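Q:
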Amino acid sequence: MPGIHRRALLNVLLIGILLLPAWVTQEPIRYFQAPALSLKPDTVLAYTVDFKDDVDNDTLFQNRSKEGYPVSYFRRIKTSVCFDNKCRLVDITLYWNVTGRYLGFELPKGEFLSKTEHEPFTPVEYARLNELLADPFSPLANFSYEELVPKSASAGAGVDAVSSATAKNVLEYVVEGAVYTTYKLWHLIYGPARQEVVSLTEQRLSPGFLLKILESPDASDKIWALNHIRGYVDLTPELRKTVLSFIDNNQFNRAERAINALEPKALRSDTLQLALLEKYVRVNYALKNQLILKLKEAPRLNDQLKTALARSLASANGELLSNTLDLFQHHRVADPETGRIIAGLLQNDNNFLARKAFTYLKNVKIEDRIVEKQLNAYRLKHNL
Amino acid sequence: MEKVKRRSALSALGVLSLGMAAPTLSKGEVVAEPYKVQKQTLKTDILVIGGGTAGVVAAIQAARAGRKTILVENGSQLGGTTTTGGVAFPGIFFAWGKQVIGGIGWEMVQEAVALNDDRLPDFSIPHGKQHPRHQVRLNGQLYAMLIEEKAVEAGVQIRFYETPTSAVFQKGNWVVQTVGKGTNTEIIANQVIDCTGNAYAASLAGFTLLREAVTQPGTLMFQIGGYDFKSLDLKLIQARYQEEIKKGTLVKSDFRNNIVGLLKSAGDNIQHVLGADSTTSESHTQANIYGRASLLKTLRFLRTLPGCEKTRIIDVQNETGVRETYRIDGHYKITHQDYVTGKVFDDSVSYSYYPIDVHDENGVLPDHLKEGVVPTVPLRALVPKNSRNFLIAGRSVSSDRLANSALRVQASCMGMGQAAGAAAALASMQNKTPLDVPFGDLRKLIEEHGGIVPGSSQKG
C-alpha cells in the first residue's frame, strides 16, 4: 500500500514536471531526432570552419564515442532576429547527425525562443520547429526573403513576420510568428556546416563505423552509409553480410544502393557470387536486372552461378534476357553446356528471343556440333 | 522578218530550256529524277500510332513478345512529352514506399539515370505534399536516344514523320493509310494501339471521343537565367508585372499571374498556353506559336526589370506540350471516385499514382491521394466501345476529367502502354480482340516483362 502511494506521488510529480515550462524548471530546452549512433559522446573536438554566414562563430564541434567514432556535431549560434524594429539575440546550439542530417537543437538554461511580441514558443511550436528543420527538401531552400515577408520591409533584413503578412504558401513550412527564425535556422543547418559535417565524418570512415550507421533507425542514414562503402572502405565479411541483408523487395532504394556498394574486387569471391545468386531467385524483376548488371563488374563468373543463369534464360524475357546474354558475352561464356541452352532459344516462336540468341551465338563462337546444327537451321529458316 | 526574229528567239529559248533540262554534270553528279510518291503496303501484327510516353513502351512490349511491330510517329524522335515536350521528369513510379510501376518504362528511366550518373530520389521517404520529390529527373535527349535504341533492338520498325489519314477495319485486320515526308503507306495490321494522346486514330476509326468544353492549358518548357533570384526586389517586380497586365501588354494567364513564380522556376513547367491542342498540325502550330510569342514578349519585359537586365534564354523546347485533348468512350470510364479510393478492378492491368492535378488559368493545386491509396487502370478503359482489335494507351484513357488529370501523367501512361502492348500481342497471337484475351495470360505476359499488375506479387 505505501508502495502504491509512493508510485502515485511520483506520477503526479512527473506530470507536474512535464507540464511546467522548461524555463521555469531551468532545464535546458532540447528537441532532437533519433541519432544514427546511440553511442555516448566521450570526447569533443573543435574544428574551425568558414561557414560563410553572418553568425559570429567559426567553430564546429565533433562529439566522439569511446571507440573514436563521431556520434554528432554541434555549433553554437548567436544571431539577431528582429520584431517590429526591436531586435533580440537567438542563442541556440544546433546539432547534426554524423551523416549530415539535422539532429536537434538545444537552448542554454533559461533561454527560450520567442515569436512576435516576444511571446515564447509553446512546446507544440518547439516540436513543430524540430520537424520543420528535419526536412532537407523544405521549400525554404528556395524562398527568397521577400517571399517570406511580403510586407513593407521597415526593419530591414532579419525581421520576423508580425501578423498576417506571411504568404499562405510559406506558412506551411514555418512556425507562425517566427518565420525568419525558422528560415534562418533551416539555412544554417543546410548551409556549409552540413557539408563540413559530412567531410569530417568521411575522414573517420571504417567498416566498423559504417556497420554502426547501418543500424540507424533512420532510412536515409542507411542509404548514406551504403553510398559510403564503395571507394571508401574495404568490404569486410561483416559489412558484406549486412549489405547483402538489404537486398530484398522491401525497399527498392536501399536494395539498389546495397547492390551498388559491392565493388569489383569483392566480386572475385565465389561465396559472394553465390550469395547474389540466392538473392536473384528471390527478388523482383527490377532488382534481378540490377544484380545481372552488377555481375558484369566481376572479373569472372562462378560456374555454378553461370549454369543457373543459363538455365533461367528459358523463362527470361525482354530486358532480363538481353541483360543476361550481355553478361555472358561480356565474360565470353562459350562452354557447350551454356551454348546448348542458348541455342535452344533459336527455335522459340518469339522472334525477339530467337534473334537475341542468334546474335549471341554468332558473336561468341561455341565449338559444339549441336549448337552449330541449330545455328545452321536458324540461318536456313531466315535466309541468313 | 518579224516572223524570223520570233522563230530565232523561240529556238534560242528552246536551247536555253534544253540547257536547263540537261545540266552540265560535274564528276560524281547525276541528275535526280523528279520524286514520285509511291504507295506501298506493309503488313504487320501490331501497329502502334504515336511514339510518345505510352507508345514506345507499347511497341517495345509487343515486339519483345515476338510480334511484328510498326511504330508510326509524326515527329522526329521518340518519347513525346518526356523528350520533345521537355517534361523530363516522368512521374512517379513508387507509392507509399513500394514500386507500383515497373517493367519497360522503369527499365528505360533507370538506364537513363545510370548513364547520366544521376541518383534516384529516396522513395522510402514519403513525399508529403511535395510529390515532385519522388519525380525522377532525366536527361531528355539522352533518354530519347536510349529508348530509340531499345525499340530498334526489340525489332520495332520505326516510321518517323508519318501520320495516319484513315483507319478501316476489314476482314479481321485494320487497314491504316499514312502519309509522311515523301511517303504514302497502307499498313495492314492485326491490332492497332492508338498512343497519339489525342485518340486521333480512334477518331479516324469512327469511335466516339469525349472532350471537356475547356481543356487544361499546355506548357512550353524553357529555361532562363542571367539573374540572381534571391537578390531581386520581388515587390517591385510584381507591381510592374501587374501594370503591364493592366495595360494589356502581358497576358495574366500566360504565367499564372505569377511573375515571381516564373523567375523562381526559371521557366520549368510554369507557362500556360490556354486551349493548347496537339491533335492536328494546325492546332499544334497555333499552340507552338502562342507559346513562343508569349515567352519572347515576357523575356523582353523581364529585361526591363532591375536585376533582370541580363535575363536570357538558356533553352526552349521545340514544341508546346499538351495536357489534355480527347478521351475515348471506353468499355469502362474511370471516375474520380475510383481514382481517389484506389479501386481495384477484376481486369486492372496497371497502377497509376499521382495527385488529382487539374491546371487551369490560375495555376494548379494538386489534391493528394490518401495514405495507402494506389489507383488502378482496368483493361476496359483502354478499349473504345464498339471496337475490335483496337486499344488506346496514355492520356486518352476512358476516364472523367478529374481522374484523367492524374492518369495522364507519364509513369501511368508507361504502365498503360505496357499493358496495351501485351494485350495486343496476345490478341494477335490468339486471333482475338483484346477484351477476349484470358486475363491470366495477360497478367503472365506483363509480369514476365517486369510489369506490375495490381494484385501481383511484384508490387513491393
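Going down the list, the sequences are from chains E and F. In this text, residue positions in the first sequence follow my numbering: the first is 109, and each later residue adds one. In this text, residue positions in the second sequence follow my numbering: the first is 5, and each later residue adds one. Where is the CB? At the ideal position from N, CA and C, for every residue including glycine. This structure is a prediction, so every number in the text was calculated from the model and none was measured.
1. Determine the burial state of F/G70: buried for a count of at least 16 other Cβ atoms within 10 Å of its Cβ, exposed for fewer.
2. Would the region 366-382 of chain F count as touching the region 89-100 of chain F if we require 3 or more Cβ pairs under 8 Å?
3. List the residues of chain F that E/R236 touches, going by C-beta distances under 8 Å, in chain order.
4. Step through the CB atoms of chain F and report whether any lies within less than 7 Å of the CB of E/G339.
5. Taking the CB atoms as reference points, tell me whether F/A58 and F/G421 lie closer together than 7 Å.
6. Please report the distance separating the alpha-carbon of F/R447 from that of F/C312.
7. Is it the case that the region 136-149 of chain E contacts the region 173-191 of chain E, given that we only count it when at least three CB pairs across the two stretches are under 8 Å?
8. Check whether the region 113-133 of chain F touches the region 68-82 of chain F, taking contact to mean three or more Cβ pairs, one atom from each stretch, closer than 8 Å.
9. If the criterion is Cβ atoms closer than 7 Å, does the pair E/L202 and E/R183 meet it?
10. At the 7 Å Cβ level, is E/G452 part of the contact set with chain F, yes or no?
11. In three-state DSSP terms, what is E/A130?
12. Can you name, in chain order, every residue of its own chain whose Cβ lies under 7 Å from the Cβ of F/R244, other than the five neighbours on each side?
13. Look up E/Y181 in the DSSP assignment and say whether it is helix, strand or coil.
14. Taking beta-carbon pairs under 8 Å, can you tell me which members of the region 220-244 of chain E lie near chain F?
15. Excluding the five sequence neighbours on either side, which residues of its own chain have a C-beta within less than 6 Å of the C-beta of E/L409, listed in chain order?
16. By a C-beta neighbour count over all protein chains shown, 10 Å radius and 16 as the cutoff for buried, is E/G218 buried or exposed?
17. Take E/L433 as the anchor and find which of E/L461, E/S252, E/N456 and E/L279 has the nearest alpha-carbon.
18. Can you list, in chain order, the residues of the region 309-335 of chain E whose Cβ is nearer than 8 Å to any Cβ on chain F?
19. By Cβ distance, which residues of its chain are closer than 8 Å to E/Q303, with the 5 residues on each side in sequence left out?
20. Going straight from the alpha carbon of F/L266 to that of F/K133, what length do you get?
21. Does the distance from the C-beta atom of E/P247 to that of E/Y291 stay below 7 Å?
22. Which residue's Cα is closest to the Cα of F/D126: E/P228, E/Q141 and E/F245?
23. Whole angstroms is fine: what's the gap from F/T212's alpha carbon to F/S391's?
24. Since F/I50 and F/A415 are thought to touch, with beta carbons under 8 Å apart, how far apart are those beta carbons, to the nearest angstrom?
25. What three-state label does DSSP hand F/Q42 in the structure shown?
26. State buried or exposed for F/I293, treating a residue as buried only when at least 16 other CB atoms are found within 10 Å of its CB.
27. 7 Å is my cut-off, CB to CB: does E/N361 come that close to chain F?
28. Roughly how many whole angstroms lie between the Cα atoms of F/L82 and F/S432?
29. Pull up the distance between the alpha-carbon of F/G444 and that of E/L296, whole angstroms please.
30. Count the other CB atoms within 10 Å of the CB of F/A36; is the residue buried (16 or more) or exposed (fewer)?
31. Please report the residue range of the alpha helix (DSSP H) in which E/N397 lies.
32. Taking Cβ positions, are F/P438 and F/L395 nearer each other than 7 Å?
33. Give the interface partners of F/L51 over in chain E, defined as CB-CB distance under 9 Å, in chain order.
34. Is there contact here, the region 371-380 of chain E with the region 391-408 of chain E, by at least three beta-carbon pairs under 8 Å?
35. Between E/A366 and chain F, is there a C-beta pair that is closer than 7 Å?
36. Under 8 Å: do the region 302-319 of chain E and the region 335-343 of chain E share three or more Cβ pairs, one atom per stretch?
A: In short:
1. Translated into positions along the second sequence, residue 70 of chain F becomes position 66. The residue is buried, with at least 16 neighbouring Cβ atoms inside 10 Å.
2. yes
3. Position 128 of the first sequence, counted from the first residue, corresponds to residue 236 of chain E. Chain F residues near E/R236: none, gap ~14 Å exceeds 8 Å.
4. For the purposes of this step, residue 339 of chain E is identified with residue 231 of the first sequence, where counting begins at 1. Chain F contact via Cβ: absent.
5. In the second sequence, residue 58 of chain F corresponds to position 54, counting from 1. In the second sequence, residue 421 of chain F corresponds to position 417, counting from 1. Against a cut-off of 7 Å, the Cβ pair of F/G421 and F/A58 comes out as a contact.
6. In the second sequence, counting from the first residue as 1, residue 447 of chain F sits at position 443. In the second sequence, counting from the first residue as 1, residue 312 of chain F sits at position 308. Looking at the two C-alpha atoms, the distance is approximately 55 Å.
7. yes
8. no
9. Here residue 202 of chain E corresponds to residue number 94 of the first sequence, with the count starting at 1. Here residue 183 of chain E corresponds to residue number 75 of the first sequence, with the count starting at 1. Yes.
10. Here residue 452 of chain E refers to the residue found at position 344 of the first sequence. No, E/G452 lies away from the interface with chain F (no Cβ there is under 7 Å from its Cβ).
11. Working through the first sequence from its first residue, we reach residue 130 of chain E at position 22. Legend: pLDDT at E/A130 = 47, less than 50; position of this residue unreliable, value from coordinates given subsequently. Residue state, collapsed to three classes: helix.
12. The count along the second sequence starts at 1 and reaches residue 244 of chain F at position 240. Taken in chain order, the residues that qualify are L309.
13. Counted from its first residue, the first sequence places residue 181 of chain E at position 73. Correct three-state label for E/Y181: strand.
14. none
15. Taking the first sequence and counting its residues from 1, the one referred to as residue 409 of chain E is at position 301. Excluding sequence neighbours, E/L409 sits near H439.
16. Translated into the one-based positions of the first sequence, residue 218 of chain E becomes position 110. The residue is exposed, with fewer than 16 neighbouring Cβ atoms inside 10 Å.
17. Locating residue 433 of chain E in the first sequence gives position 325, counting from the first residue. Nearest option by C-alpha distance: E/L461.
18. A327, S328 and I331
19. Taking the first sequence and counting its residues from 1, the one referred to as residue 303 of chain E is at position 195. Counting only Cβ-Cβ distances below 8 Å, and skipping sequence neighbours, we find G208.
20. Here residue 266 of chain F is taken as the residue at index 262 of the second sequence, counted from 1. Here residue 133 of chain F is taken as the residue at index 129 of the second sequence, counted from 1. Spanning the two alpha carbons is a distance of roughly 21 Å.
21. In the first sequence, the residue the question calls residue 247 of chain E occupies position 139. In the first sequence, the residue the question calls residue 291 of chain E occupies position 183. Taking 7 Å as the Cβ cut-off, E/P247 and E/Y291 do not qualify as a contacting pair.
22. Working through the second sequence from its first residue, we reach residue 126 of chain F at position 122. Considering only alpha carbons, the answer is E/F245.
23. Residue mapping note: residue 212 of chain F aligns to position 208 of the second sequence, counting from 1. Residue mapping note: residue 391 of chain F aligns to position 387 of the second sequence, counting from 1. Each residue's alpha carbon lies about 10 Å from the other.
24. Along the second sequence, read from residue 1 onward, the residue named residue 50 of chain F stands at position 46. Along the second sequence, read from residue 1 onward, the residue named residue 415 of chain F stands at position 411. About 23 Å; that fails the 8 Å criterion.
25. Counted from its first residue, the second sequence places residue 42 of chain F at position 38. F/Q42 falls in the coil class under three-state DSSP.
26. Start at 1 with the first residue of the second sequence, and residue 293 of chain F comes out as number 289. Exposed, by the Cβ-count rule.
27. By one-based count along the first sequence, residue 361 of chain E stands at place 253. Chain F contact via Cβ: present.
28. Reading the second sequence from its first residue, position 78 is the one you call residue 82 of chain F. Reading the second sequence from its first residue, position 428 is the one you call residue 432 of chain F. Each residue's alpha carbon lies about 24 Å from the other.
29. The residue you call residue 444 of chain F lines up with position 440 of the second sequence. The residue you call residue 296 of chain E lines up with position 188 of the first sequence. Their backbone Cα atoms lie some 56 Å apart in a straight line.
30. Locating residue 36 of chain F in the second sequence gives position 32, counting from the first residue. Per the 10 Å Cβ criterion, exposed.
31. Here residue 397 of chain E is taken as the residue at index 289 of the first sequence, counted from 1. Counting along the chain, the alpha helix (DSSP H) containing E/N397 begins and ends at Y393 to L403.
32. The residue given as residue 438 of chain F occupies position 434 in the second sequence. The residue given as residue 395 of chain F occupies position 391 in the second sequence. Yes; because the gap between Cβ atoms is below 7 Å, this pair is in contact.
33. As a working note, residue 51 of chain F is residue 47 in the second sequence. Per Cβ cutoff of 9 Å: no residues; F/L51 is ~17 Å from chain E at best.
34. yes
35. One-based indexing of the first sequence puts residue 366 of chain E at position 258. It does not: the Cβ of E/A366 has no partner Cβ on chain F nearer than 7 Å.
36. yes
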